[in-house]
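For reference, the structure is listed below as structure tokens.
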Amino acid sequence: MSIEILDGKNCIGGSKILITEKDHSFFLDFGKNFKTWGNYFEEYLQPRASVGLYDLWKLNLIPKISNIYRDDLIVSDFKEFVEKERKLNLETVFLSHAHLDHAGFISILKDDIEIVASSITKKILKALQDTGDGRAFNQFTDLKIREEEIDERGQKKLKQKKDKESIKRNFFEINRNEFEGEIDGLKFKTFYVDHSIPGALAFYFEFENISIAYTGDIRFHGKNSEGSYNFLEKIKKLKPNILITEGTRMTYESESKKESDVYKSSFEVINSNKDKLVIADFGPRNIERLETFLKIAKETDRKIVINIKDAYLLDLLKEDGFNIIDDDNLFIICEKKSKEKKCLNEVKNRYDEKVITIEDINKNLGEFILCYSFWDLTNLLDIDLKDGIYIYSSSEAYSEEQEFDIKRLFNWLHYFNLEPFGIELTNDKPKFSGDFHSSGHASYKDIKFMIDEINPEFIIPVHTEKLDIFKNLYGNKVVEKEYFEL
């Protein structure tokens, strides 16, 4: 057996873990590494769609393996270079959740590779694709095949054919809190665990003489923490030889702020600013945070307002028990856009009685909690805003580019005279209080507790920059290499 950490070993995100045992080869996640991506690309500098995977391959942003990527994303002249690399008969990708640092590059994999994921994860990825830009790198659930064309100067390019029907990606959907299955002789178990996005899974694999557990991204302090504790109790009894665990917050000083702490801090601010517009800035797929602000809205006689993309996701998730969109206190903002996607117009029509405009909000600013982020603030230029409250309820900046965005955010806050909570700018550097955000990742104390309880023979930390702390705690049990063989 071999375990290769192809990405995500000494960094946060980009998880791609290849496990090979005899005739079986499968990935744990196949994510996009935003840090290495940002070394080359930004909003106005993107990979060329006309050459498919070529740019990503040349820049070493994807594993150099043949027989796993979509043929329609490989220009014929480039095929011979791809085929020189090692060939992998990839059967399955076990997808922990829908955050793109774990799922972002399943879009470029062959459509017949089975994706084991929760039904919730599939719906979130569908919402991301349907409301996105339609590029090949964002085709998570439905593939729109590209064909090669030769231009007038003999250059070969890939072009999407509008008359071609899309191909459905091969999903193996998990609908139960615990699931035990088998794919081509590979035995596995799945467990719903707590994370800042719904539908997150942890996995357990059983081979002839070796067993492996993988946490994905996990926490023990959220609303659905019982799922994480259930995983821990079951895995303890299964006694895996190898534990592959995340360690995003593996620092001695990390704390576990609960969602109830976010509720308390946010309620106090909102309740003491009754006549002011409140803007709540949090992750677009953090359903638990949306429920927190919806609860506050009800208790402070306000209405909560979401954008149409969020409404589309909530509509998809209704059958999975997230019946939030029908709540009487929830409304959908209709923004000034030249053209809206068909799927979003359908949601507007379906929930027509909930659709309001920015002008409606302007009539009584103190009546609303507006779920907006930095990217939505231009819409506020349409209202007469003298002051207001901006609650930053998201994670802190992890990159220089994100820090620049925070600085721009403060320019907007000053312009609108919005008082910030949860974030401040000191000496041109952002500082995050943490009082208005509950992390999606386990604290040092909880990770250590989990590992001590499971007590595996080997520990493979991923999704972390704190390998040294793992090593200090567990010594030779910790696997430091990218390639591990048993």
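Whatever position you read off the sequence shown (first residue = 1), add 10 for the working numbering. Idealized CB from N, CA, C, for every residue including glycine. Since the structure is predicted, the reported quantities are computational estimates derived from the model, not experimental observations.
- Counting along the chain, no beta strand (DSSP E) covers Tyr-273; the unbroken alpha helix (DSSP H) around it starts and ends at 269-281.
- With contacts defined by Cβ atoms closer than 8 Å, Ile-228 and Ala-212 form a contacting pair.
- Looking at the backbone, the Cα of Glu-278 and that of Ser-383 are separated by about 21 Å.
- In terms of Cα proximity to Arg-418, the closest of Lys-305, Phe-217, Leu-387 is Leu-387.
- Ser-276 is a Cβ neighbour of Ser-403, given a cutoff of 8 Å.
- Around Ser-238, the same chain offers Val-203, Asp-204, Ile-228, Phe-230 as residues with beta carbons nearer than 6 Å, after the five sequence neighbours per side are excluded.
- In chain order, Ile-130 place their CB closer than 6 Å to the CB of Asp-330, counting only its own chain and leaving out the 5 sequence neighbours on each side.
- For the pair of segments examined, the stretch 233-252 was found to touch the stretch 195-202: the number of CB pairs separated by less than 8 Å reaches three.
- Taking a C-beta distance under 8 Å as the contact criterion, Phe-115 and Ile-75 do not qualify as a contact pair.
- In the structure shown, Asp-336 adopts coil according to DSSP, grouped into three states.
- In this model, Tyr-400 and Leu-119 are separated by some 40 Å (Cα to Cα).
- With a cutoff of 8 Å on beta-carbon distance, Leu-98 and Ile-125 are scored as not near each other.
- Here Glu-269 is buried: its Cβ has 16 or more other Cβ atoms, across all protein chains shown, within 10 Å.
- Residue pairing from DSSP places Arg-156 in a beta bridge opposite Gln-170.
- In the structure shown, Arg-259 adopts extended strand secondary structure according to DSSP, grouped into three states.
- Two segments are said to touch when three or more pairs of C-beta atoms, one from each, lie closer than 8 Å; by this definition the stretch 285-301 does not touch the stretch 351-363.
- Per DSSP, Lys-197 is not a residue of any alpha helix (DSSP H); the beta strand (DSSP E) it occupies stretches across 196-202.
- Under the DSSP assignment, Lys-26 falls in the beta strand (DSSP E) whose first and last residues are 26-31.
- Between the stretch 412-432 and the stretch 456-464, the count of Cβ pairs shorter than 8 Å is below three; the stretches do not touch.
- Annotated as proximal: His-473 and Glu-256, with beta-carbon spacing under 8 Å.
- Sequence-distant partners of Leu-340 (beyond 5 residues in either direction) whose C-beta falls short of 6 Å from its own C-beta, in its chain, are Ile-314.
- For the pair Arg-312 and Lys-274, the Cα-to-Cα distance works out to about 17 Å.
- Contact check for Ile-470 against Tyr-484 fails: the beta carbons are separated by 8 Å or more.
- In this structure, the straight-line span from the alpha carbon of Ile-177 to that of Lys-373 is close to 47 Å.
- For Leu-395, no alpha helix (DSSP H) encloses it, and the DSSP letter there is neither H nor E.
- Counted as a single uninterrupted DSSP element, the alpha helix (DSSP H) harbouring Ile-479 occupies residues 477-484.
- Rounded to the nearest whole angstrom, the C-alpha separation of Glu-406 and Val-85 is 40 Å.
- Note: Pro-430 is bridge-paired with Tyr-400 in the DSSP secondary-structure output.
- Every alpha helix (DSSP H) stretch that sits fully inside the stretch 338-381 and reaches 4 residues is listed by chain position as 352-360, 368-373.
- About 6 Å separates the beta carbons of Ala-137 and Tyr-322, which is inside the 8 Å limit, making them a contact pair.
- For Thr-225, no alpha helix (DSSP H) encloses it, and the DSSP letter there is neither H nor E.
- One alpha carbon belongs to Asp-320, the other to Leu-304, and they sit about 14 Å apart.
- When only Cα atoms are considered, Thr-261 and Arg-145 end up about 38 Å apart.
- Distance from the CA of Ile-289 to the CA of Pro-57, rounded to the nearest whole angstrom, comes to 34 Å.
- When secondary structure is reduced to three states using DSSP, Tyr-79 falls in the strand class.
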